[in-house]
Amino acid sequence: MKVTDHLKKRKHTLFSFEILPPLKGKGIDAIFEGIDPLMEFNPPFINVTYHREEYMYKKQADNLLKKVSIRKRPGTVGICAAIINRYHVDAVPHLICGGFTRDETENALIDLQFLGIDNVLALRGDPIKTERSFVPEKNGHQYAVELIEQIVRMNKGIYLHEEIENKEHAQFCIGAAGYPEKHYESMNMKTDLKHLKTKVDAGAEYVTTQMFFDNKKYFIFLEHCKAAGINVPIIPGLKPITKLRHIAFLPKTFFIDLPDDLADGLMACKTDAEVEKVGVEWTIRQSQELVEAGAPCIHYYTMGKSDAVKQIAKEAF
Ligand code: FAD
C-alpha cells in the first residue's frame with residue numbers, strides 16, 4: 001500500500017522509522033534485531049536508506065595509489081523484500097541519483113515493481129568524500145527532481161528505450177526530502193522552497209523532513225510550504241541524540257542547530273548514558289507536541305539503534 005494511502009486512512013499520527021543496511025559482511029539478523037522491538041508501535045511502513053560506495057586511495061608495494069572501495073552498504077532492495085516478507089508492512093526504499101545512470105535507475109525500479117514495492121523516497125544523495133560537490137554519473141541525474149520525473153514517466157508506462165513494447169505502468173508513490181532549516185547548498189530558504197515545489201509539481205506526493213530539534217522550525221516550515229503552494233503531507237523527521245559524539249557530529253553533518261535548552265542540557269553531560277537521557281527526554285517532548293499538533297506521521301532516524309526510539313514511542317504513541 002502506498003504511503004499516501006496510509007496517511008489518508010490514518011486516525012492518529014503514524015509511527016515510522018528508517019533503518020540503514022548493515023555494512024557489507026553483516027547479516028540480516030542485525031536488521032531484524034533493530035526492527036523487532038519497534039513493531040509493537042505498528043509502523044505501517046519502514047524506510048530503508050541507500051548508501052553509495054565510498055572510495056579511498058591505498059598505497060601499493062610499488063608506491064602507486066590504488067582506488068579501493070570501502071564501507072559498502074549494499075542490500076536496500078533485498079532488505080525491503082525481507083521486511084515485507086517478515087513483518088507484512090510496507091517498505092520504502094530510498095533511491096538516489098548519485099552513482100546511478102538513468103538505465104541503472106530504471107533497472108532498480110523494475111526490480112522494485114517485481115517485488116510489489118510501490119513506494120520510493122527519491123533523493124539526490126550527497127557528494128562522496130572525494131568530491132567537493134555532487135557529481136552525477138554520466139547519463140545520471142543532477143537533482144532529485146529529475147529522478148522524480150523518471151519515476152513519473154514509468155508510472156505512465158514510458159520507459160527509457162522506446163522500442164520496448166507492452167509497457168507496464170509502474171505505480172510508485174514518490175516521496176521527496178525537505179529541509180526545515182534549509183538544504184546546505186541553497187542560497188536561502190526561499191530558493192530551497194522553490195526547488196521543493198518543483199519536486200512536488202513533478203510528482204512527489206509527500207515530503208519527509210531532515211531531522212530538526214526545534215519544533216518551531218517545523219511549524220514555520222509548514223507555513224512557508226503552504227505559502228509556496230506546497231500542499232502535500234509533510235512528515236517530520238526526528239533523531240534522538242544518544243552519544244557524546246552526536247553533539248558535534250549531527251550539526252556538522254546535517255547542517256542543523258540545537259536549541260539552547262537542549263544544548264545546555266547536553267553540555268552538562270559527561271557520559272553517553274547521560275546524553276541518551278537528555279536526548280530521549282527531548283525527543284519525547286518533541287514527539288508529544290507534534291502528535292498534539294496533528295502531524296501525519298513521525299519518521300524516526302534510528303541509525304541502526306532502536307532502544308532510544310522504543311523509549312520515545314512508548315511515551316508518544
Ligand atoms: P535535491 O532536491 O536535488 O536538492 C539538492 C540541492 O540542490 C538543494 O540545495 C536544492 O535547493 C538544490 N536544487 C534542487 N533543484 C535545483 C535546480 N533545478 N537548480 C539549482 N539547484 C537546485 N542520502 C543518501 O545518500 N541516502 C539516503 O538514503 C538518504 N535518505 C534521506 C532521507 C531524508 C528524509 C532526507 C531529508 C535526506 C536523505 N538523504 C539521503 C540525504 C540527501 O541525499 C541529501 O540531503 C542531499 O544533499 C540532497 O538530496 P535532495 O533529494 O534533497 O536533493
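Residue 245 in our numbering is what sits at position 245 of the sequence shown, and the numbering runs on without skipping anything. Where is the CB? At the ideal position from N, CA and C, for every residue including glycine.
What three-state label does DSSP hand residue i in the structure shown?
i	result
Val120	strand
Leu20	coil
Val291	helix
His195	helix
Lys239	coil
Gly203	coil
Lys225	For the sequence presented, residue 225 should be read as Cys rather than Lys. If DSSP states are grouped into helix, strand and coil, Cys225 belongs with the helices.
Cys97	coil
Cys269	coil
Asp257	coil
Val135	coil
Leu160	coil
Tyr184	coil
Leu262	helix
Met1	coil
Leu38	helix
Asn215	helix
Output the distance between the C-alpha atoms of residue i and residue j, rounded to the nearest integer angstrom.
i	j	result
Met30	Met303	Looking at the sequence itself, residue 30 is Ala, so the reference to Met does not match. Taking the straight line joining both Cα atoms gives about 12 Å.
Leu109	Tyr206	19 Å
Gly279	Pro251	14 Å
Val291	His12	8 Å
Gln150	Phe45	23 Å
Phe15	Phe41	7 Å
Gly25	Ile117	25 Å
Tyr300	Val309	7 Å
Trp282	Ile235	19 Å
Glu54	Ala313	33 Å
Lys277	Val89	30 Å
Glu18	Ala61	42 Å
Asp257	Asn188	16 Å
Asp5	His94	18 Å
Tyr218	Asn231	15 Å
I'd like to confirm something about residue i: is its beta-carbon nearer than 7 Å to some heavy atom of ligand 1, or not?
i	result
Leu115	no
His94	yes
Ala144	yes
Leu121	yes
Glu185	yes
Lys239	no
His51	yes
Thr191	yes
Ala177	yes
Gln210	yes
Arg102	no
Lys199	yes
Arg132	no
Arg10	no
Arg124	yes
Would residue i be called buried (16 or more neighbouring beta carbons within 10 Å of its own) or exposed?
i	result
Gln210	buried
Gly140	buried
Thr208	buried
Gln171	exposed
Tyr57	exposed
His246	buried
Met1	exposed
Gln286	buried
In the DSSP output, what is residue i paired with across the bridge?
i	result
Val92	Asn47
Tyr300	Phe17, Leu238
Gly178	Thr209
Lys252	Lys252 is not bridged to any residue.
Lys59	Leu65
Cys173	Asn119
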